[in-house]
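Participant: First, the structure itself, so that you have it in front of you.
There are 2 protein chains.
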Amino acid sequence: MHRSIATVCLSGSLEDKLYACADAGFDGVEIFEPDLVVNDRSPEEIRALADRLGLSLDLYQPFRDFEGVTPDLLEENLRRARERFTTMRRLGIGTVLVCSNVGTATVGSDQVAAEQLRRLGDLAASFGIRVAYEALAWGRYVDDYRRSWRIAQLADHEAVGVCLDSFHILSRGHDPAGIEDIPGEKILFVQLADAPDLSMDVLSWSRHHRLFPGEGVWDLGRFVTHLVRAGYTGPLSLEVFNDVFRQTDTVRTAEHALRSLVWLEDRAARLLADDGGAAAHGGAADGGGRASLHRIADVDVPSGYDYVEIKAEDTSGVEVLLDQLGLTFRGQHRTKPVRLWSSGDARIVLNEQHARDLDPHLAGIGFGVADASVAGDRARALAVRAAPRRTQDGEQDLAGFVAPSGLEVFLNDRRDRTQDGEEPAWATEFDRGRTGGAGEITGIDHVNVSHGWDAHDEAVLFYTSVLGLEKPTATEAAGPQGLVRSQVMRTPSGAVRLSLNVAPVGVSHPEHIALACTDVVAVARRARERGLRPVPVPDNYYDDLRARFGLDEATLTLLREHQLMFDRSATGEFWHFYTPRVGRVCFEVVQRVGGYDVYAGDNTPVLLAAQDRLDRGTR
Amino acid sequence: MHRSIATVCLSGSLEDKLYACADAGFDGVEIFEPDLVVNDRSPEEIRALADRLGLSLDLYQPFRDFEGVTPDLLEENLRRARERFTTMRRLGIGTVLVCSNVGTATVGSDQVAAEQLRRLGDLAASFGIRVAYEALAWGRYVDDYRRSWRIAQLADHEAVGVCLDSFHILSRGHDPAGIEDIPGEKILFVQLADAPDLSMDVLSWSRHHRLFPGEGVWDLGRFVTHLVRAGYTGPLSLEVFNDVFRQTDTVRTAEHALRSLVWLEDRAARLLADDGGAAAHGGAADGGGRASLHRIADVDVPSGYDYVEIKAEDTSGVEVLLDQLGLTFRGQHRTKPVRLWSSGDARIVLNEQHARDLDPHLAGIGFGVADASVAGDRARALAVRAAPRRTQDGEQDLAGFVAPSGLEVFLNDRRDRTQDGEEPAWATEFDRGRTGGAGEITGIDHVNVSHGWDAHDEAVLFYTSVLGLEKPTATEAAGPQGLVRSQVMRTPSGAVRLSLNVAPVGVSHPEHIALACTDVVAVARRARERGLRPVPVPDNYYDDLRARFGLDEATLTLLREHQLMFDRSATGEFWHFYTPRVGRVCFEVVQRVGGYDVYAGDNTPVLLAAQDRLDRGTR
């Protein structure tokens, strides 16, 4: 379908926005009136620029407070409309968004609203313009798309139809299936936004907290299927008012926005196919005059972690920790200053290439997928930027991509690995190491990624759309420098778990790699014998455990002796400890007992406070 | 009254918080349990530190999910309580906060809750502890303070009373006057928080958006009068969960918090006096066994601006602008590199003292007050830091204070100025200038102050408590780099108006001084003759004015010729233009016509976009 976006979604000047939308691959834009008003280019210049960039100008919006008014106000509103239509003619825009009246409506009659919209339709038609009437969720009388459609039917004018906005429909909990009762040709425009599950007044929710499709809680794929069944073939346009996106880089946000539309079309196409509809493949329209939905390569949900990469000018401090934790040095890469450590299925790659002046930090994650070429095709279709990786003859070619935080994500083929525990082919590129004795550490339990407040929603969409991760829970933990927000992302099986963390502004939050093990006490004991001092846990914490869980003294003594933290859920227990940081990275060693399947969120403040004491050198 | 604060209000470690609270002048603190759990000092050490600092430990909180449960759960809850009471004894804390059950209550009977609280009271009494039972706004069965009091009455136990929290009472819209029906000795603790007028779920509102008294929308002074009438004499304690305060400097936030309590006590004392009660003065308790409320010097609401000060290493660029706008150079200060320009009541002080490497920026505002010594006493009582000002013999001694953004605020006596338009005495310290011809510019209309997101609430409280400004409206304007939030502060008469602006993170937002005039067209014409190029206004803006207001072509031509902006309200019109920035400062020239008494908020995005074009050198 035709991919469009409202200019209000992006930061910058109107020209910045047009360039970014064209570069990202949008087909058209909605002109948000205030973006034009503050701009010093004439409407003719804007139109010419859009023409040169190959962008259609799909909609002019918003025109407010028109219908349901007294006769004298109607004349004033028609005068206003004439002025706007004149501007639209200069821009060459053929559709205007008319929102249901919020401020000046005094007549609640559908008949009156319809008559007034018919007057507007006459005026619009004389300019070659169509009126897309939209029910705002907070309209004075009209706040339901079914009522706006009823009024549009009553208006019975060739130039009058409706605009449907997923936010205004889904925020009110209205069933979008009713869209199928509207003839497609009377749906003149469609605006899409997702949203988080917030309980606040709908106006604030709408103006500040909308999200791109795939980032919130609504099933917009299903929403689009109703549009297709209604016979709608016009633009799918993003209208996302979001305080963060308004101030992030224009180009980056435009790419992010387009990715959400590509993902959404694919998802809707799959739902239609599942429903038995003939969904289009590869961009071709199906036979029944339906909209063509572009479908991309299947999602290939990772079956596990292949490796985690830490990069620094000097990674030897990390090697000390890995040795203390019982991992084995497996060798140096044949052609690069890159070293591999492992234990069981936990592989840590230490990269000193092109790392001058860099402190140890999380630089990449390799995921095992069933078919790397399909997974790579999907990532490319979602316009994810490729991460360069030099290979030489005889080395495995891995498909790498850059995640929003700058983290490099590699999708590595597991087709050739038939047995559990078999190592990936690329591991043979490392030599002069020791044979991997599998110790207590068996794999990577989860990885804790940290990024700025402005990259969070983009990161959620990346892992959702590219890797098919789910986003079950968002939490927050209080640290000495403020609240840290976390979004857990995971595969349905739990084989891959990521925690996406947003630190308070101006505070760097550590990344960590959590290693799964079968006996955390044994790992902790050996690590201390080898000189590790784990992150110290206060005695007050153990008193708290006693109060919360009624642990016996023997258990508390064991926990305290090894500076372990503890949690219990209805289904099991969680035992874990943390190493101090080297650079920005630390390790956590975790043991899940029974069916414990979450994270020890209540322990995070203990970690944050302890790290703060270590950073400040206070005891 | 005894001034206390919950440790959760502040950032940092528990020790950081104790030091900051003591330094700020608090009498005691509430220990927020998680602050203890993450801390590596023993309870005995915390108690000893608090003793040394002269802080009482007034409350241990929170103990959750106790009452209204099944018998077996009750036993487990009593076990938990015993553990916490043991910790409290080590801390030497005599009161525990028990919140109404949210998670595990299954019995809605007041009788059962009371019996269970009586059991808890017995246990607590054996530790010498009192139980302060609080109705959370989102309690499962108990969410109203009148019900928690009824249950406490039924419990009928010496060690059981209630805790009252203004948030839980006022957020639900419950009438606080009912507090007076509770015997003061059964109110075991009081927690105070203000809040902004947000429409969101009460839990999120409570956990993230509370404010210190005086910063939100509630009349907490009135709230305190009910407590006094009930005979409550215990601590007034701040419990403010706020994401911003959690990450701002601990010391600064503690001072800010104490200021809110000082202001609140004074306000409550005045309300009691107005009500005919015998409010205490100067900290003495009144005769009736009532709590003593400390009253401070009267607020002296400024009658106008004395001057605005711009500081820089080189202020000559500002002088060019002032000359273009028709202000007169009035002279150089006799002893300092400071120059005065004026027109009518608009006085701009240009300060080059100790300004090496500084770009022009807003450094100070002088306000005219009726009695500077009273106004200064009030500021000092509110623990505002003094701004140093060197004076020599024969120069006026001005009382200066530092506002949260670093701006210096001077309170200048107007007692000696009997006539309107008479100049302040300090103006005579400037010589070798020209005589002030009063041009079209008559005074300072408003000043636009900019500060970081973390200083905003503190700034609101400063201007409210020290100067008695009101905070009528908060707005936001979209700029190319994000939303700019503004809070207008003003005196009732409008003689002093300030706009407090918060720019998007990482973006510097200009400060500006708005000069009032009687003929903006004349000012603009002369300024252009003298070489000023005002901030350019797009033609699209004038098209928008035509559409919105139906302005005639002659008016539009006049506006466009002088690059003026325009607004119209129900009561009048607003004509204005902006100069380009010099350093961080620009000037606005405004003419208010008729009863126009607001700001042209819709024009701010036009200014922001134009300044962005000037900054980037794009046309």
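Protein sequences appear in the order of chains A and B.
First residue of the first sequence: 1, per full-length UniProt numbering; consecutive thereafter.
First residue of the second sequence: 1, per full-length UniProt numbering; consecutive thereafter.
A virtual CB, placed ideally from N, CA and C, is assigned to each residue, including glycine.
These numbers come from a predicted model, not from an experiment.
For a cutoff of 8 Å on Cβ pairs, would you count A/Met-200 as touching chain B?
Facilitator: It does; some Cβ of chain B falls within 8 Å.
Participant: At a CB-CB cut-off below 7 Å, which residues of chain B make contact with A/Glu-36?
Facilitator: Checking the sequence, you will find Leu at residue 36 of chain A rather than Glu. Neighbours of A/Leu-36 on chain B, chain order: Asn-540.
Participant: Out of A/Trp-149, A/Asp-35, A/Phe-26 and A/Gly-28, which one is the CA nearest neighbour of B/Pro-480?
Facilitator: Of A/Trp-149, A/Asp-35, A/Phe-26 and A/Gly-28, the residue nearest in Cα terms is A/Asp-35.
Participant: Taking the alpha carbon of A/Leu-123 as the point to measure from, which residue in A/Ala-24, A/Leu-78 and A/Ser-199 has its own alpha carbon closest?
Facilitator: Nearest of A/Ala-24, A/Leu-78 and A/Ser-199 to A/Leu-123, Cα basis: A/Leu-78.
Participant: Between the C-alpha atoms of A/Tyr-542 and A/Thr-518, what's the straight-line distance to the nearest angstrom?
Facilitator: Approximately 23 Å, taken between the alpha carbons.
Participant: By how many angstroms is the C-alpha of A/Val-142 removed from the C-alpha of B/Gly-531?
Facilitator: Using only the alpha carbons, I get a separation of about 53 Å.
Participant: Compute the Euclidean distance between the alpha carbons of B/Val-502 and B/Ala-132, then round it to the nearest angstrom.
Facilitator: For B/Val-502 and B/Ala-132, the distance between alpha carbons rounds to 40 Å.
Participant: With 16 other CB atoms within 10 Å as the buried threshold, where does A/Pro-337 fall?
Facilitator: The residue in question, A/Pro-337, is exposed, as its Cβ has fewer than 16 Cβ neighbours within 10 Å.
Participant: Mind reading off the beta-carbon distance from B/Arg-330 to B/Phe-430? Whole number of angstroms is fine, and I expect it under 8 Å.
Facilitator: That belief holds up - the Cβ atoms of B/Arg-330 and B/Phe-430 are roughly 6 Å apart, short of 8 Å.
Participant: Touching or not, the region 447 to 462 of chain B and the region 317 to 333 of chain B, by the rule of three or more beta carbon pairs under 8 Å?
Facilitator: The region 447 to 462 of chain B vs the region 317 to 333 of chain B: no contact.
Participant: Mind checking A/Thr-225: buried by the 16 CB within 10 Å criterion, or exposed?
Facilitator: Buried, by the Cβ-count rule.
Participant: Beta-carbon of A/Gly-550 versus every beta-carbon of chain B: anything under 8 Å?
Facilitator: It does; some Cβ of chain B falls within 8 Å.
Participant: By DSSP, does B/Tyr-133 sit in helix, in strand, or in coil?
Facilitator: B/Tyr-133 falls in the strand class under three-state DSSP.
Participant: Since B/Leu-483 meets chain A, which of its residues come closer than 9 Å, beta carbon to beta carbon?
Facilitator: Per Cβ cutoff of 9 Å: His-208, Asp-243, Arg-246 and Gln-247.
Participant: Helix, strand or coil: how does DSSP classify B/Pro-71 here?
Facilitator: Here B/Pro-71 sits in helix by DSSP.
Participant: When the Cα of B/Trp-138 is compared with those of B/Ile-151, B/Leu-170 and B/Gly-121, which residue comes out closest?
Facilitator: Of B/Ile-151, B/Leu-170 and B/Gly-121, the residue nearest in Cα terms is B/Leu-170.
Participant: Along the region 498 to 527 of chain B, where does the CB come closer than 9 Å to a CB of chain A? Name the residues.
Facilitator: Of all residues in the region 498 to 527 of chain B, Pro-504, Val-505, Gly-506 and Val-507 have a Cβ within less than 9 Å of some Cβ in chain A.
Participant: At what residue ranges does the region 21 to 94 of chain B contain a whole run of the alpha helix (DSSP H), taking only runs of 4 or more?
Facilitator: The qualifying runs are 33 to 37, 43 to 53 and 71 to 91.
Participant: With C-beta atoms as the reference, is B/Glu-180 less than 8 Å away from B/Ala-230?
Facilitator: Result yes, Cβ atoms of B/Glu-180 and B/Ala-230 sit closer than 8 Å.
Participant: In the DSSP assignment, find the unbroken alpha helix (DSSP H) run with A/Ile-169 in it and report its ends.
Facilitator: Counting along the chain, the alpha helix (DSSP H) containing A/Ile-169 begins and ends at 166 to 170.
Participant: Starting from A/Ser-199, trace the beta strand (DSSP E) both ways and give me its first and last residue.
Facilitator: Neither: A/Ser-199 is in no beta strand (DSSP E) and is coded neither H nor E.
Participant: What's the gap between the Cα of A/Arg-568 and the Cα of B/His-208?
Facilitator: Taking the straight line joining both Cα atoms gives about 27 Å.
Participant: Can you give me, in chain order, the residues of the region 78 to 92 of chain A that have a beta carbon less than 7 Å from any beta carbon in chain B?
Facilitator: For the region 78 to 92 of chain A, which is checked against every Cβ of chain B, the residues closer than 7 Å are Arg-79, Arg-80, Glu-83, Arg-84 and Thr-87.
Participant: Just how far apart, CA to CA, sit A/Leu-350 and B/His-361?
Facilitator: If you take the alpha carbons of A/Leu-350 and B/His-361, they lie about 49 Å apart.
Participant: What are the residues in the region 595 to 614 of chain B lying within 9 Å of chain A by C-beta distance?
Facilitator: Listed by position, the residues of the region 595 to 614 of chain B near chain A (Cβ gap below 9 Å) are Asp-602, Pro-605, Val-606, Leu-607, Leu-608, Ala-609, Ala-610, Asp-612 and Arg-613.
Participant: Apart from the five residues on each side of it in sequence, which residues of its chain come closer than 8 Å, Cβ to Cβ, to B/Val-69?
Facilitator: Cβ neighbours of B/Val-69 beyond the five flanking positions: Asn-77, Asn-101, Thr-104, Ala-105, Thr-106, Val-107 and Gln-116.
Participant: Thinking C-alpha only, which one of A/Pro-538, A/Asp-110, A/Val-507 and A/Leu-559 is nearest A/Val-523?
Facilitator: Selected option, being the one with the closest Cα: A/Leu-559.
Participant: Hey, does A/Pro-302 have any beta-carbon neighbour from chain B nearer than 8 Å?
Facilitator: No, A/Pro-302 does not count as interfacial toward chain B.
Participant: What is the C-beta distance between A/Ile-365 and A/Tyr-305, in whole angstroms, given that I count them as a contact (C-beta under 8 Å)?
Facilitator: Yes, A/Ile-365 and A/Tyr-305 are in contact; Cβ-Cβ is about 7 Å, under 8 Å.
Participant: Would B/Leu-55 and B/Cys-9 qualify as a contact pair, given that the criterion is a beta-carbon distance under 8 Å?
Facilitator: No. Outside cutoff.
Participant: Taking a contact to mean a Cβ-Cβ separation below 8 Å, would you say B/Ile-348 touches B/Leu-322 in this structure?
Facilitator: Yes.
Participant: Within the same chain, show all residues whose beta-carbon is closer than 6 Å to that of B/Val-369, passing over the 5 residues directly before and after it, in chain order.
Facilitator: Excluding sequence neighbours, B/Val-369 sits near Asp-300, Pro-302, Ala-375 and Leu-411.
Participant: From A/Ala-159 to A/Arg-290, what does the alpha carbon distance come to, in whole angstroms?
Facilitator: Cα to Cα, the separation comes out at about 22 Å.
Participant: Are the C-beta atoms of A/Ala-478 and some chain B residue less than 8 Å apart?
Facilitator: Chain B contact via Cβ: present.
Participant: For B/Ile-513, I'd like the list of residues in its chain whose CB is within less than 6 Å of its CB, leaving aside the five on either flank, ordered along the chain.
Facilitator: Val-308, Val-447 and Phe-587.
Participant: Please state the DSSP three-state secondary structure of A/Tyr-599.
Facilitator: Coil at A/Tyr-599, not helix or strand.
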